[in-house]
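Accompanying notes for the structure given below.
Protein chains: 2
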Amino acid sequence: MNQYCVATYRSYDDKADFQKKAQSIAVGLTVGSWTDLPEAQKKQMEQHLGQVVKVEVHEPLALQPGERYADITIAYPDINFSKDIPALLVTVFGKLSMDGKIKLLDLQFSDDFAASFAGPKFGLAGIREQLQVYDRPLLMSIFKSVVGHDLTNLQEQFYKQALGGVDFIKDDEILFENPLTPIEKRVAACIDMARRSESETGQKLIYFTNITGPTSQLIEQAKRAIDAGANGLLFNVLAYGYDALHELSSHQDIQVPIAAHPALAGAYYPSPHYGIAAPLLLGKLMRLAGADLVLFPSPYGSVVMPKQENLAVQEALLAPLHHLKQSVPVPSAGIHPGIVPLLMQDFGEDVVINAGGGIHGHPLGTSAGGQAFRQAIDAVKNGLTLQAATENAGNESLKVAIETWGIKQ
Amino acid sequence: MNQYCVATYRSYDDKADFQKKAQSIAVGLTVGSWTDLPEAQKKQMEQHLGQVVKVEVHEPLALQPGERYADITIAYPDINFSKDIPALLVTVFGKLSMDGKIKLLDLQFSDDFAASFAGPKFGLAGIREQLQVYDRPLLMSIFKSVVGHDLTNLQEQFYKQALGGVDFIKDDEILFENPLTPIEKRVAACIDMARRSESETGQKLIYFTNITGPTSQLIEQAKRAIDAGANGLLFNVLAYGYDALHELSSHQDIQVPIAAHPALAGAYYPSPHYGIAAPLLLGKLMRLAGADLVLFPSPYGSVVMPKQENLAVQEALLAPLHHLKQSVPVPSAGIHPGIVPLLMQDFGEDVVINAGGGIHGHPLGTSAGGQAFRQAIDAVKNGLTLQAATENAGNESLKVAIETWGIKQ
Chain A
1116 MNQYCVATYR SYDDKADFQK KAQSIAVGLT VGSWTDLPEA QKKQMEQHLG QVVKVEVHEP
1176 LALQPGERYA DITIAYPDIN FSKDIPALLV TVFGKLSMDG KIKLLDLQFS DDFAASFAGP
1236 KFGLAGIREQ LQVYDRPLLM SIFKSVVGHD LTNLQEQFYK QALGGVDFIK DDEILFENPL
1296 TPIEKRVAAC IDMARRSESE TGQKLIYFTN ITGPTSQLIE QAKRAIDAGA NGLLFNVLAY
1356 GYDALHELSS HQDIQVPIAA HPALAGAYYP SPHYGIAAPL LLGKLMRLAG ADLVLFPSPY
1416 GSVVMPKQEN LAVQEALLAP LHHLKQSVPV PSAGIHPGIV PLLMQDFGED VVINAGGGIH
1476 GHPLGTSAGG QAFRQAIDAV KNGLTLQAAT ENAGNESLKV AIETWGIKQ
Chain B
1116 MNQYCVATYR SYDDKADFQK KAQSIAVGLT VGSWTDLPEA QKKQMEQHLG QVVKVEVHEP
1176 LALQPGERYA DITIAYPDIN FSKDIPALLV TVFGKLSMDG KIKLLDLQFS DDFAASFAGP
1236 KFGLAGIREQ LQVYDRPLLM SIFKSVVGHD LTNLQEQFYK QALGGVDFIK DDEILFENPL
1296 TPIEKRVAAC IDMARRSESE TGQKLIYFTN ITGPTSQLIE QAKRAIDAGA NGLLFNVLAY
1356 GYDALHELSS HQDIQVPIAA HPALAGAYYP SPHYGIAAPL LLGKLMRLAG ADLVLFPSPY
1416 GSVVMPKQEN LAVQEALLAP LHHLKQSVPV PSAGIHPGIV PLLMQDFGED VVINAGGGIH
1476 GHPLGTSAGG QAFRQAIDAV KNGLTLQAAT ENAGNESLKV AIETWGIKQ
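These protein sequence lines map, in sequence, to chains A and B. The working numbering puts the first residue of the first sequence at 1116, with every later residue one more than the last. The working numbering puts the first residue of the second sequence at 1116, with every later residue one more than the last.
See the structure below:
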């Protein structure tokens, strides 16, 4: 039986016949022409023909002016494209992306299409198992500054972060191959600090090192990093395309989790009229391509994404989706310990709390910054308000953090 | 001496201090922090520090309300990133793309950065030499329908197009590996028709066959196509990233021109507030990455790009740019013979006239469709109006085309 991948678009037009437009998409992006085909050929071509699934027209109300648009859903036969993300995207939104005001909102993958993807190798459950942490949000720390710093400096930064009790430390996404901190030496130096810290605190830690450079050498670079001790990879997916992530994540020699960075995502998702919606761009497609963790702009910082969109990204990463493991959501930017109760209320426990300035900017230093987050998480887990928790003498780091940043309601 | 790549952005904000914002970009996307660095460290870090080059604030006029924005130009030290397009884009627009209403307008490459790119292997001059056509716009034809058609059908379509006197025939960008027309058999079948047609008409022809599938196998696939006789490649660049194009175009075994398809470009360029401007997205970056031809939406069809933006794309492809050869502009969609005089007025002769429906939809058939374009080009070259040219008995194809589509002024 025919299988279909299904795309939903929002198309804006003051007066278009959206039914007709939908029909023209379904035909134009598949068999090219239909009504003028001889009947005999129609029979053979029918398996290649796109199908209009739904057209929901939103007319602006007289008393509440707005734009006229339609949500159009089209099913594309799997038989028309190879089972890779570039082929799917080029089919459903290649030419169409340039056809007026239109945004790609969602994709549903057919069972056959999804079956070509292993998805995240570890996913939420696998990551928790690696870290032996099952009952709280995970905590990630970002280097303060990396460009222009040498190995000794990075090691020092790493060690201080690790001592704070974080579960993950990630490279800055703008750290590329450079003479000061080349990847193999950087990995060795940082993993050394992770071991040292673990021997002192018992805390396991995954270090996501940034895989960069020429496309054809990404897998080799990842293997070299892993040989040097890397236990996690960071990848700027959108600069290389989803298929490059898929190839990294599905490679048999790459047995470490991959964190997807959203660099360049703002070129696609924020416009209401154009581009690709965040829950698809940073949610479903990242998960299909095999990201174990996905970073995206939190609703709390200056780099914002509306909360509703944030929660839709989260859902795309966690909700049941074919056979795919769950990717861990990492809402990022503007995170300090005083946000933890709100963040856990919004995202629950299956989330990574990711901080840079909120850790390094702690008046008592980087390690206290990490500790403050862990204390905030414990407080919420124990049903305490942060205010109440600061009265506990052991929670000095949290107390100072709250004095510095306050509590966000 | 330090070299810099320079990015220009348009940033929208009702009340921001744009000078401050520019400063924060220059520091934030390079060394991370500056003012709180010890003086001794500043000296060492200065070579890594971004520089604000220019901030032009556009205040809306009281009598002519509009949005408040600034064009901000920042110089990024080459030393901070590796010499590849993903590193440059992630540096200048990775995180920043998600920071409110901001669009990347332009990039200027340093000499050092540009020196890492060979650019188009053939370019305009090399393509003209291959075709032995020096004194007129080139003509490209697109298959009418490809999905679901078999080799015999494609061969037939190809031969009819070739007989019409076109210089190029390109695959549809949605033609992927499939059992009916696998790439090696497709190339052999089509190139066979190209030879047959050339023996009859003397007209040389480049066939751009679509390179698709897994990222790591693109080069192998291109080589197999070339071994089967391919003399041109089509590539959906934005589905794979610019670096994949760079690797194809700079490979020693790939000695055929590459045409860049703009599939997915509409996800980036049309919004005034977000994304990457078309002259950079489809102009400079495609040329730097090595596209010999670049397709982009023409200002004449339903898939439109404003003419000013079109001409800016053209300029980015043709104007002097370091050592890079010129990429040939291919404004596409909505092209019929009656548009030729306007198109040549807008774009001159160093352009590809690219038609699908304007060739296959000709009442006398596909070959007459190609001939009508050649006759229209000859007319303009000879200083004739199309109307006058139709009076020449030899121009029957043009006459019918004009009766069908009219003349666009």
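C-beta: ideal position from N, C-alpha, C; glycine also.
Look at the stretch 1227–1291 of chain A and you find these whole runs of alpha helix (DSSP H), each 4 residues long or longer: 1238–1246, 1266–1278.
Scanning its chain for C-beta atoms nearer than 6 Å, with the 5 sequence neighbours on each side dropped, one finds around B:Gly1473 the residues Ile1450, His1451, in chain order.
Exclusion of the five residues before and after A:Phe1462 leaves Gln1429, Pro1444, Pro1446 as the residues of its chain whose Cβ lies within less than 7 Å of its Cβ. For B:Leu1397, no pairing in a beta bridge is given by DSSP. A contact between stretches requires three or more CB pairs, one per stretch, nearer than 8 Å, and the stretch 1144–1160 of chain B fails this requirement with the stretch 1232–1239 of chain B. Less than 9 Å divides the Cβ of B:Leu1408 from the Cβ of B:Ala1374. In this structure, the CA atom of B:Gly1484 is about 18 Å from the CA atom of B:Gly1317. One Cα belongs to A:Glu1424, the other to A:Leu1400, and the distance between them is close to 15 Å. Rounded to the nearest angstrom, the Cβ distance from A:Ile1517 to A:Thr1505 is 6 Å, consistent with a contact under 8 Å. Not one beta carbon of chain B lies nearer than 9 Å to the beta carbon of A:Val1467. For B:Met1420, at least one C-beta of chain A is nearer than 9 Å to its own C-beta.
By the Cβ-count criterion, A:Asp1286 is buried, with 16 or more other Cβ atoms from all chains shown falling within 10 Å of its own Cβ. In this structure the stretch 1274–1288 of chain A lies against the stretch 1240–1260 of chain A, because at least three pairs of beta carbons, one per stretch, are closer than 8 Å. Between A:Ala1404 and A:His1361 the beta-carbon gap is near 4 Å, inside 8 Å, which marks them as a contact.
Under the three-pair Cβ rule at 8 Å, the stretch 1117–1129 of chain A counts as touching the stretch 1168–1183 of chain A.
Separation of the CB atoms of B:Tyr1389 and A:Gly1381 is rounded to 6 Å, and the pair is thereby assigned contact status at 8 Å. Nearest to A:Thr1500 by C-alpha distance, out of A:Gly1476, A:Ser1482, A:Met1459, is A:Met1459. In this structure, B:Thr1330 and B:Tyr1355 form a Cβ contact; the two beta carbons are roughly 6 Å apart against a cut-off of 8 Å.
Following the DSSP letters along the chain, one finds B:Ala1374 in no alpha helix (DSSP H) but inside the beta strand (DSSP E) bounded by residues 1373–1376.
For the stretch 1178–1212 of chain A, the beta-carbon criterion of a distance under 7 Å to any beta-carbon of chain B is satisfied by Asn1195, Phe1196, Ser1197, Asp1199, Pro1201, Ala1202, Leu1204, Val1205, Thr1206, Phe1208, Gly1209, Lys1210, Ser1212. Think of a sphere of 8 Å around the beta carbon of A:Lys1259: the chain B residues whose beta carbon falls inside it are Gly1147, Ser1148, in chain order.
With fewer than 16 other Cβ atoms from the protein chains shown falling within 10 Å of its own Cβ, A:Lys1496 counts as exposed. Residue burial annotation: A:Asp1214 is buried, with at least 16 other C-beta atoms found within 10 angstroms of its C-beta. The distance from the Cβ of A:Ala1431 to that of A:Arg1402 is about 7 Å, consistent with a contact at the 8 Å cut-off. Collapsing the DSSP output to three states places A:Thr1481 in a helix. By alpha-carbon distance to A:Val1248, the top candidate from A:Val1467, A:Ser1512, A:Ala1392 is A:Val1467.
Taking 9 Å as the cut-off, the beta carbon of A:Tyr1191 is found closer than this to the beta carbon of A:Gly1165.
Residue burial is scored here from C-beta neighbours: A:Arg1310 has fewer than 16 other C-beta atoms within 10 angstroms and is therefore classed as exposed.
For B:Glu1511, the enclosing alpha helix (DSSP H) has its first and last residue at 1511–1520. Of all residues in the stretch 1342–1364 of chain A, the ones placed with a Cβ closer than 9 Å to any Cβ belonging to chain B are Asn1351, Leu1353, Ala1354, Tyr1355, Gly1356, Tyr1357, Asp1358, Ala1359, His1361, Glu1362, in chain order.
Under the Cβ distance rule, B:Ala1240 does not count among the residues neighbouring chain A, no pair being separated by less than 9 Å. About 6 Å separates the beta carbons of A:Phe1323 and A:Leu1348, which is inside the 8 Å limit, making them a contact pair. Beyond the five residues adjoining it in sequence on each side, A:Leu1295 comes within less than 6 Å, by CB distance, of Asp1265 in the same chain, given in chain order. Using a Cβ-Cβ cut-off of 9 Å, B:Thr1316 does not count as an interface residue toward chain A, since no Cβ of chain A sits closer than that to its own.
Counting every other CB atom within 10 Å of its CB across the protein chains shown gives B:Gln1441 a total of 16 or more, marking it as buried.
Using a Cβ-Cβ cut-off of 7 Å, B:Leu1144 is close to Ile1289 of chain A, given in chain order.
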